[in-house]
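J.:
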Amino acid sequence: MKILCIGRNYEDHAKELKNPLPAEPVVFSKPDSALLRNNDPFFIPDFANEFHHEIELVVKINRIGKSIAPQFANRYYEEVALGIDFTARDLQDALRAKGLPWEKCKAFDGSAVISKFVPKAKFKDMGNVNFRLDVNGQKQQVGNTSEMIFNIDQLISHVSKYFTLKIGDLIYTGTPAGVGPVKIGDRLQGFLEDEMLIDFLVK
Ligand code: ZN
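Sequence positions in the sequence shown follow numbering that gives the first Met the number 0 and run 0 to 202.
1) Using 8 Å as the cut-off, can you tell me whether the segment 97-110 makes contact with the segment 55-62, which would need three or more C-beta pairs spanning the two stretches below that distance?
2) Between T144 and G126, which are expected to be in contact by the criterion C-beta below 8 Å, what is the C-beta distance as a whole number of angstroms?
3) Taking the beta strand (DSSP E) that R131 belongs to, which residues open and close that run?
4) Please list, following the chain, all residues that have a C-beta closer than 5 Å to any non-hydrogen atom of the ligand ZN.
5) Starting from D152, trace the alpha helix (DSSP H) in both directions and tell me its first and last residue.
6) Which class does D84 belong to by DSSP, given the choice of helix, strand or coil?
7) Tell me whether the beta-carbon of I2 lies closer than 8 Å to the beta-carbon of P24.
8) Name the DSSP bridge partner or partners of I113?
9) Using CA atoms only, rank isn't needed, just tell me which of I54, M195, A22 is closest to T174.
This is how it looks when you write it as structure tokens:
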């Protein structure tokens, strides 16, 4: 399976990092070795100084598809989850300054936290789903899928132009504002509507 991720998909987050709004989705990927499951702890790596949390809605692809039209994209996923796209922000800034790829700062082991999956049928409208991240019991990131610049169907359609989607592939759909560094001892809890799906410690 592969993990595709969308950058700068929420206006308020693009602005907080002083990035321009994208004219089309910004796409990068992570290997399957990046996955961090079962609320296992996140161990802060030693190759950078600032690791940021990015809470995101994650879509799991349930059938094979290529060049999917937006109006059919909703048939390509049945389940969603919450994820955290951990980012070594100081390393990302250094790589970007040199025009180098992002893998070292975004695709390292443990950088793709994933919760259990829930059926999308649970939600009345996937275009209006609330989610948030609490750090040590304080609201840190609050988002709603209606705030996406490119919605889920548009994202599935766009990435499938470039990459054949296969069963089990994951799409991280971008993060709202409020990203910030984690430190040893932090407790991160992610909520999809009222259900807590993520609850782990930083070590
Ligand atoms: Zn992200």
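All C-beta atoms in this analysis are idealised placements derived from N, C-alpha and C, irrespective of residue type, glycine included.
T.: Looking at the coordinates:
1) no
2) 6 Å
3) 129-134
4) E53, D84, T174
5) 151-161
6) strand
7) Against a cut-off of 8 Å, the Cβ pair of P24 and I2 comes out as no contact.
8) G82
9) I54
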